[in-house]
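Residue numbers (my numbering): 8 to 163. Idealized CB from N, CA, C, for every residue including glycine. Structure first, commentary second.
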Amino acid sequence: MPIENLGKTHLTEVEMEQINQALAAIEALVMPLTVNLNHKDKLGLCKVGEHNKLLINKVRDYAEMSPELRSPDVDWEEFRRDYATRSHASAAISRLQSLEGMLRDMKALNDHDNYTDALKDYRFAQYKTQSSQDAGYSTKAEQMKPFFPKTGKKKR
Numbered sequence: 008m009p010i011e012n013l014g015k016t017h018l019t020e021v022e023m024e025q026i027n028q029a030l031a032a033i034e035a036l037v038m039p040l041t042v043n044l045n046h047k048d049k050l051g052l053c054k055v056g057e058h059n060k061l062l063i064n065k066v067r068d069y070a071e072m073s074p075e076l077r078s079p080d081v082d083w084e085e086f087r088r089d090y091a092t093r094s095h096a097s098a099a100i101s102r103l104q105s106l107e108g109m110l111r112d113m114k115a116l117n118d119h120d121n122y123t124d125a126l127k128d129y130r131f132a133q134y135k136t137q138s139s140q141d142a143g144y145s146t147k148a149e150q151m152k153p154f155f156p157k158t159g160k161k162k163r
């Protein structure tokens with residue numbers, strides 16, 4: 008017996024609308040602040056991996072604890088704003104990735120349920136085609152048949 012109805016919880020219309028509104032609000036806040044970089048643009052930027060994050064953090068620590076040691080060539084107010092923005096962006100990305108995982112899992116369960124139900128409905132249409140004179144089932148089964156291109160073909 009196949010596993011059925013794994014997606015036991017469903018979003019209501021109100022919840023779907025609330026999610027859409029929240030996403031639209033985030034997009035509206037972020038859109039004016041972003042620059043759409045193409046691949047070539049990104050290649051020209053330095054990559055800040057874990058090692059370089061440690062360097063940035065160390066420089067920030069020194070700038071805060073020993074301001075007399077700061078380079079006059081750095082706009083430290085801009086550095087502070089950049090740091091705050093990148094830190095917030097990093098935290099937001101982590102949260103969004105977590106939400107993405109939750110939504111992907113929810114979608115996978117509901118995809119599975121929809122697909123198994125679609126297979127049941129197709130089998131039912133095939134059954135009714137053989138046991139009923141109703142042309143609607145025959146038409147339905149024929150229109151669904153292209154989704155199963157290997158069905159009924161014998162291996163050579």
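List the endpoints of the continuous alpha helix (DSSP H) containing residue i.
{"i": "S139", "result": "Where S139 is concerned, there is no enclosing alpha helix (DSSP H), given that its DSSP letter is neither H nor E."}
{"i": "L61", "result": "57-72"}
{"i": "D48", "result": "46-50"}
For residue i, which of the options has the nearest alpha-carbon?
{"i": "L18", "options": "K157, D124, Q140, L110", "result": "L110"}
{"i": "F154", "options": "I33, K135, Y129", "result": "Y129"}
{"i": "E71", "options": "G56, Y90, S139", "result": "Y90"}
{"i": "F86", "options": "V66, A99, H58", "result": "V66"}
{"i": "R93", "options": "K114, T136, N64", "result": "N64"}
If you draw a straight line from the C-alpha of residue i to the C-alpha of residue j, how long is it?
{"i": "R102", "j": "M23", "result": "19 Å"}
{"i": "Y69", "j": "R77", "result": "8 Å"}
{"i": "D118", "j": "G14", "result": "9 Å"}
{"i": "A35", "j": "T41", "result": "11 Å"}
{"i": "A142", "j": "T136", "result": "8 Å"}
Does residue i come out as helix, strand or coil in the three-state DSSP assignment?
{"i": "T92", "result": "helix"}
{"i": "G108", "result": "helix"}
{"i": "V37", "result": "helix"}
{"i": "T123", "result": "helix"}
{"i": "D80", "result": "coil"}
{"i": "V21", "result": "helix"}
{"i": "F154", "result": "helix"}
{"i": "N27", "result": "helix"}
{"i": "T1", "result": "Nothing can be reported for residue 1, as the shown portion of the chain is limited to 8 through 163."}
Measure the beta-carbon distance from residue i to residue j and round it to whole angstroms, keeping in mind my assumption that it falls under 8 Å.
{"i": "Y144", "j": "A132", "result": "5 Å"}
{"i": "N12", "j": "D120", "result": "6 Å"}
Is any heavy atom in the ligand GDP found nearer than 8 Å to the beta carbon of residue i?
{"i": "N64", "result": "Absence of the ligand GDP is noted for the structure shown, with no ligands found whatsoever."}
Any C-beta of chain D sitting closer than 9 Å to the C-beta of residue i?
{"i": "Q150", "result": "Absent from the structure: chain D. Only one protein chain is present."}
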